[in-house]
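Residue numbers (our numbering), protein chains in the order written: chain A, 67 to 513; chain B, 67 to 513; chain C, 67 to 513; chain D, 67 to 513. Following: one structure in structure tokens, then a few remarks.
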């Protein structure tokens, strides 16, 4: 079946989304995201590497813990493999109209689970073949894939940390297949999100065994990827809680402790999600910074949370402070390497029309484009970098230089301290720095 | 000056606090804490290793961000070194009346800062000598000491992570002195709490340099301690925030990542505070468990927070669920080694009378005694351990045993998964386990 | 069809749950809840008025935002009205075995929605008739019913606060039917929980109109109830958020402001849920106290939240501090009148076996029985009441008496203030009071 | 002593702060706040009515619960009344250089407490006279004053809700004096912030009596103000917690319930603080909206909190989303009447130089100027108002009109519901609305 023969338009009334600049009032146009525009020597498309999340955009139905599906989708009357195939068609039309370079999925998003593992794998194979065919003519590539090991009841107590060895084996089979799919579709990364890898209550939990098992699982995944020649970057995605009471990959630092302990730090980086950061009590930029200074910044799940709500709202990112400070870290990191900005974001349950999917992605892409432009100018003008250089200047000479170069000890430092009659600190100037950040933000439309 | 000659009674009207059992209505008596009573082969005194915090009990004045000092203390009219000396006298009277085996202090709690570092050190020396003299006849020993590197304005931007090398050197001098004091007084541990080791805003912060410097500082502290033959356990005390926006030692896992990265994990353990745990989004027992499974459980700051307040309320621990689950981890850890249960807890601003200090400590000590008794019975009866043994039984044979012993790979696991027609999980029984916990708690007074 | 003829046992292996006392180790027995035991002049059954929630216990399937149904239920293979009928049979068997005096439901829990409103109402009628028949021989009565106006997509933007007048009319039809059902089954209360009565974003919300419409709705509901002679107590159930970003009935005080403004305070009381209280930043007992001092304490949704999770976990209540302090307020309120303690609580997703439903309810009922016993003893002994009497004694005489009786003004008060040379406050004794609370709790098993 | 004779310059090196526009790089200039520029028919100065907080800017010293004073101020070497007088001189220089129309203070900020109430009042009188003299030649007026009834130990358990009638009387004397001072200085409002009007633990608290007494206090305050002809608007300032565990004026809705119950709603409005809103679990704009739709929006404490910190950080407002959405409510309210935008905001402890006070106020004033401009354009273009008009259009005709006009009942509504074959809801378009908000924000510099 050729793609051109059967071409059906799913998102009727929406054409190609193009850059029209800030004076445009066309809701189906980018005001800031201009794929070819250069930022710091890269085109926006190369720098931002946007990806569409298959689950939120093509699979999710708007249900929530208190309510049923609300989403109106162009393939609503289909089911089973017919539905799965229609979603592929719709997805590539969506990618094309939005002009995004990447997409991401869980196995479970693209194909229905069968009554046996074998049937599930066959379903996946059918859809993967279809996607591969589409990808021959589409610009959109697979940023990463992953295995959904949290929705089916078998994962009720975890997958690679399950108290049940059968479940663990089943999880291995799922990830094995996922790695094969990733290789088949040329995925640039493979993500591990530990939805139920954690605990509900310590009273029935052997934390030590569970974490040891998780590490064994990752080592086996690494071995198998090597075996099949799949060299994608492995990514852990921290989240502190939800659906489990406590998830083992709480935040970047927790993930790092785990990877270091089990000799996995060379093989993994982090896929950092804004809303997961705030649920863990951190800013998005904090998590990016921690990953960056440890050389572990892999990819980003671009969304935002509601600071007054205690669950993962996965909103489309429109907070320009957040996109600016995130892009600041990403630019200082030299970009995201094989990673990208995946919109792990869902339209609100009340934004149930297909058009909202476009509005939301446009809002997100424009917001990151603004953030990238502002961040690059801040870097080019060394606004904060000069502040930092000046603030830490004492480490470039004298006792400070000795400290940094390891040429000192408590005796010498104490001797120095005794010579100090008055220690001069400098104001941190936080209020002024925020004001400057505002000025750079409001100036973004200045050519 | 001999202690006996000048003996003045500070806490008049309060005598020796003794164990009187659950039928006692004497507010100045223990109902559960019986120092000689055996729990799991140790006396309560040996197991619990209670310590009084010098700062909350002898130095704090009840002021808060919105209000002035309220505490009525028996040395209120004194100042300077006279005050410092009176506090030592009062402290040892308090330790004696309460019959606690340990105390803890910051340098700044025991002696006023002088106009120079040299004068400060001399002030410390005077008090340390006085304490050493008292300790000859007192049963109360020094659990740990530490350096206050957060109160004086010089620490405004941090100490061992300061952007100012002079401040860093000054911090080294303070810790050098602290290590000497610890050795002099026979401290069993030395604590590092990073009050302002963190950041207010990332906009002016070089996180990488600050963390590198912090690691260098710890290595130098280690070298100096070795040099002077001070073999106390080093302890890091995690806290996520307050006073700084973000503290580097966010929680146990974050501290562990840091120690591993900088090759310090063999030298340090953690001093875990209940209220710091909850501020980081964890239960107290979670932090203890994480430390335990990593062999890093050093000591405990015994208090509790208010789950609805977002700051460190440092309340005296009276929640029997918390004390039970904490003691459960401590008992499974084989006790606290050189650590102890330090009441890093303050009487409420409105509990301003000296008697409240006794009531509060009695409440805390009784609460941990109850917790210890309940936890030991739970362990003796293998209530939760049997649940766990049964829950993870599949790892003792077949494919599960292969997983744990590293005798498998994704091929074998997938092959096993294909053989599974139906995976049987077991109920986690959380509600029943909590009910049983209640039964054990309410049974504690049964002989 | 007579009940006795077709009697099928749904919860096989579970017999009548009886009181066996604290020495029992039978997991299917009450250790503390003894229906006939007297507390403050009422039997426990009369005082506690426990109710089973139909939705959590018979309808819910264990799905969560990240996972599918897990619950194993004895009617799992049925659907539609057959399922609805089987649930009624199971429910009354459950009520009987648990020996609870009340149950509660949403219309949607008991009967499936039809393709039209008329069909939905017919479905409801069938089940209501069946229930009425069962209630002739069962001791279990209907504490309250309510209308589910949050699950179906039509309620996406609210019901009685919807921006769509058709939706509003539909909501009126649902509540009209609900009032009729309540009358038919002899419900003692009717509950309004505003699941989606609130807003997602202020940007598209006319808060003034929505609240005015809500008040109109309540007045019409009142009129209709009067018209049909349904004199149940009307109850508003506060919750601050979830599923909506902001719910109008944030907490008791917010609800009170609304009721007062719209002249509805005489007709409504509050149905207070523990977990909703904590989500709003309050303790459970705070919300009960606020309702009590305003004469608005109507009924209770008995559950508990996880203080570290930001959503409504609806856990079975096992925290004995919470049950004690709740019962303290309820006892001082003279009981709950026509209200009761409804277990708006769900077994964890991992507690998926039918037995867990019994374990969980037993845990909850025992926990409230303990709480009631402890609270009654605290009241009998005037433990806290004497503290309060003493603490406020200055309002019984002199200037204090003038203040309370309205016999003073700023001139007289200032004149009094000028006479004060020293103001004597008393310690609040918080630590001691908590210790005493522990003692009363641990003494509960003393005869 | 005349002001001109002794003119000393306190803030040397800082001249008059002027509007220089967005191209200015002068840190001591406004980029957006142009006092004469018109917004919606008012000058910015008339609309925004900025006020400087005396306590944060002239009295606060940078101390926090973990650290001592850090602030460097030009009157640091003075004490007692000399200090108080120097602060007045500095303050009016600051007001003048910043060109603000208003200031605010607590009695305690401007003059030291004496050893007696009489002496305290004399101290206040001296400073009030001095201020009055300054105000003759200054443009800066008193927006509001208030009494500090939370810092001195006498207020430990509250002031107008104290369990001690002497304290209550003392509080009355303080407010009596405050009202007299307000009248003397022409204050346009008088603020009641209940710092310790709440409770630490319910175990020792008679909530009913305390709230009754608080209402009596307010009625007496009203009577006295009338007696002396002081017709300033009375304002309650909600805050949920800190310093007390629970404050009675939790949020606007709670305050409203109180005022309604005690027949005080006509006399009071609310002074709404952004950071207090977020501590209560609300957005700033939510609290403003609730006050607005109830006709109770009085004045604003303009600051911002840190969404990840659980205490009142009182940061200078620089979040342009927050200032825009706040000004949106204020503009729809027709301005603030006698209220204003008071910077209840403090420079960070690390921003300890006098210049930071200017930088911070400039940042705050520019941020609100931006917010006002964006909000006015949104209103002028009816961006959100058209969305709302369209969204609620069904209430303008047919059954919707009947609902709003009270011409319907449950019978008619049910009849209408039965006629509905399909209910059509519209997308809420949240993502698009946020994108448009961004566009308006980024367009603000377009002429």
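Glycine included, C-beta positions come from ideal geometry on N, C-alpha and C.
Residue i versus the options, residue with shortest Cα-Cα distance
i                      : options                    : result
residue 479 of chain B : B:468, B:176, B:488        : B:468
residue 257 of chain D : D:91, D:110, D:173         : D:173
residue 365 of chain B : B:375, B:397, B:379        : B:397
residue 275 of chain C : D:230, D:282, D:484, D:356 : D:356
residue 269 of chain A : B:477, B:177, B:394, B:222 : B:394
7 Å Cβ cutoff, residue i in contact with chain D
i                      : result
residue 419 of chain A : yes
residue 367 of chain B : no
residue 267 of chain C : yes
residue 522 of chain C : A question about residue 522 of chain C goes unanswered here, because the residues of chain C that appear run from 67 up to 513.
Short CB-CB distance (under 7 Å) between residue i and chain C
i                      : result
residue 422 of chain B : yes
residue 138 of chain A : no
residue 306 of chain B : no
residue 220 of chain D : yes
residue 442 of chain B : no
Chain B within 7 Å of residue i, Cβ atoms only
i                      : result
residue 501 of chain C : yes
residue 146 of chain D : no
residue 326 of chain A : yes
Own chain residues within Cβ distance below 6 Å of residue i, not counting five before or after
i                      : result
residue 69 of chain B  : Its pLDDT being 46, under 50, residue 69 of chain B is placed unreliably by the model, and the measurement read from it follows with that caveat. Once the five neighbours on either side are set aside, residue 69 of chain B has no close Cβ partner at all.
residue 305 of chain A : 313, 342
residue 67 of chain A  : Residue confidence for residue 67 of chain A is low, a pLDDT of 40 falling below 50, so the modelled location carries little weight; the figure read from the coordinates is stated next. Cβ within range, chain order: n/a, list empty.
residue 180 of chain B : 186, 189
Other residues of its chain near residue i: CB distance less than 7 Å, five sequence neighbours each side excluded
i                      : result
residue 521 of chain C : Absent from the model: residue 521 of chain C. The displayed extent of chain C is 67 to 513, so no value can be given.
residue 87 of chain A  : 97
Test: residue i CB closer than 7 Å to a CB of chain A
i                      : result
residue 320 of chain B : yes
Between the stretch 432-442 of chain C and the stretch 373-389 of chain C, do at least 3 Cβ pairs fall closer than 8 Å?
Remark: three or more beta-carbon pairs, one from each stretch, lie closer than 8 Å, so the stretch 432-442 of chain C and the stretch 373-389 of chain C are flagged as touching.
Any C-beta of chain A within less than 8 Å: which residues of the stretch 79-101 of chain B qualify?
Within the stretch 79-101 of chain B, no residue has a Cβ that lies closer than 8 Å to any Cβ of chain A.
Check whether the stretch 492-511 of chain A and the stretch 443-455 of chain A touch, using three or more Cβ-Cβ pairs below 8 Å as the test.
When Cβ pairs closer than 8 Å are counted between the two stretches, the stretch 492-511 of chain A is seen to touch the stretch 443-455 of chain A, the count reaching three or more.
Got a sec: which bits of the stretch 359-387 of chain D sit with their beta carbon under 9 Å from any beta carbon on chain B, in order along the chain?
Taking 9 Å as the cut-off between beta carbons, the residues of the stretch 359-387 of chain D near chain B are 372, 374, 375, 376, 377, 378, 379, in sequence order.
Any contact of the stretch 141-156 of chain B with the stretch 76-94 of chain B, i.e. 3+ C-beta pairs under 8 Å?
By the criterion of at least three beta-carbon pairs nearer than 8 Å, the stretch 141-156 of chain B is in contact with the stretch 76-94 of chain B.
Decide yes or no for the touch test of the stretch 306-313 of chain B against the stretch 251-269 of chain B: beta carbon pairs closer than 8 Å, at least 3 of them.
With a cut-off of 8 Å, the stretch 251-269 of chain B and the stretch 306-313 of chain B count as touching, because enough Cβ pairs lie within range.
Identify each residue in the stretch 231-260 of chain A for which the Cβ-Cβ distance to at least one residue of chain B is less than 9 Å, and report them in chain order.
If the cut-off is 9 Å between Cβ atoms, the stretch 231-260 of chain A has 231, 232, 233, 234, 235, 236, 237, 238, 239, 240, 241, 242, 243, 245 near chain B.
Determine contact between the stretch 491-498 of chain C and the stretch 411-419 of chain B, defined as no fewer than three beta-carbon pairs at a distance below 8 Å.
The stretch 491-498 of chain C is in contact with the stretch 411-419 of chain B.
Decide yes or no for the touch test of the stretch 334-349 of chain B against the stretch 360-375 of chain B: beta carbon pairs closer than 8 Å, at least 3 of them.
Here the stretch 334-349 of chain B makes contact with the stretch 360-375 of chain B; the two share three or more CB pairs at distances below 8 Å.
Residues within the stretch 460-471 of chain C neighbouring chain B, beta-carbon criterion of under 9 Å:
Taking 9 Å as the Cβ-Cβ cut-off against chain B, none of the residues of the stretch 460-471 of chain C qualify.
Three or more C-beta pairs under 8 Å: does that hold for the stretch 332-341 of chain D against the stretch 321-340 of chain C?
Judged by Cβ distances under 8 Å, the stretch 332-341 of chain D makes no contact with the stretch 321-340 of chain C, as fewer than three pairs qualify.
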